[in-house]
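What follows is one structure encoded as structure tokens, with my remarks underneath.
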Amino acid sequence: VGHLQQRTDAQNIDIMNLAGFCRNCLSKWYMAAADERGIEMNYDEAREVIYGMPYDDWKVKHQEKASPEQQQKFEDTKPLHAKISGH
Numbered sequence: 001v002g003h004l005q006q007r008t009d010a011q012n013i014d015i016m017n018l019a020g021f022c023r024n025c026l027s028k029w030y031m032a033a034a035d036e037r038g039i040e041m042n043y044d045e046a047r048e049v050i051y052g053m054p055y056d057d058w059k060v061k062h063q064e065k066a067s068p069e070q071q072q073k074f075e076d077t078k079p080l081h082a083k084i085s086g087h
């Protein structure tokens with residue numbers, strides 16, 4: 001997680017297109033793991049753990065607009081994306 005917090009140049013869509021999951025997926029898995037341990041956590045709190053700051057702040061500082069090519073690859077690779085129970 002610390003590595004992804006430092007690699008703000010690695011855009012979520014690129015990670016998703018290559019690996020089939022991204023920071024948002026990690027946030028959902030983190031929230032599910034907390035729930036399994038009886039720890040109450042909402043999605044925004046989980047994203048703050050993964051991103052190292054509030055998600056809206058991260059988006060303003062680091063998220064770039066996805067290119068048409070990135071968006072097309074995202075659609076093409078959707079069948080390979082992580083399936084997250086309940087999300």
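Position 15, counted from 1, in the sequence shown is what our numbering calls 15; the numbers after and before it change by one each time, with no gaps. Heads up, the beta-carbon is just placed ideally off N, CA and C, and yes, glycines get one too.
Discussion item. Please classify ARG23 as buried or exposed, where buried requires at least 16 neighbouring CB atoms within 10 angstroms.
Written reply: Walking along the sequence shown from the start, residue 23 turns up at place 23. Answer is buried; the Cβ neighbour count reaches 16.
Discussion item. Does MET16 come out as helix, strand or coil in the three-state DSSP assignment?
Written reply: The residue you call residue 16 lines up with position 16 of the sequence shown. Looking at MET16 - three-state DSSP - the assignment turns out to be helix.
Item to complete: Look at the Cβ atom of HIS62, then the Cβ atom of ASP9, and state whether they are nearer than 9 Å.
Response: Position 62 of the sequence shown, counting from 1, holds the residue named residue 62. Position 9 of the sequence shown, counting from 1, holds the residue named residue 9. Contact: yes.
Worksheet entry | Own chain residues within Cβ distance below 8 Å of GLU40, not counting five before or after | Residue numbering aside, residue 40 sits at position 40 when the sequence shown is read from its first letter. Correct list, in chain order: ALA34.
Worksheet entry | Cβ-Cβ separation, TYR43 to MET31 (assumed contact under 8 Å), whole Å | As a working mapping, residue 31 is identified with position 31 in the sequence shown. As a working mapping, residue 43 is identified with position 43 in the sequence shown. That pair is a contact at about 6 Å.
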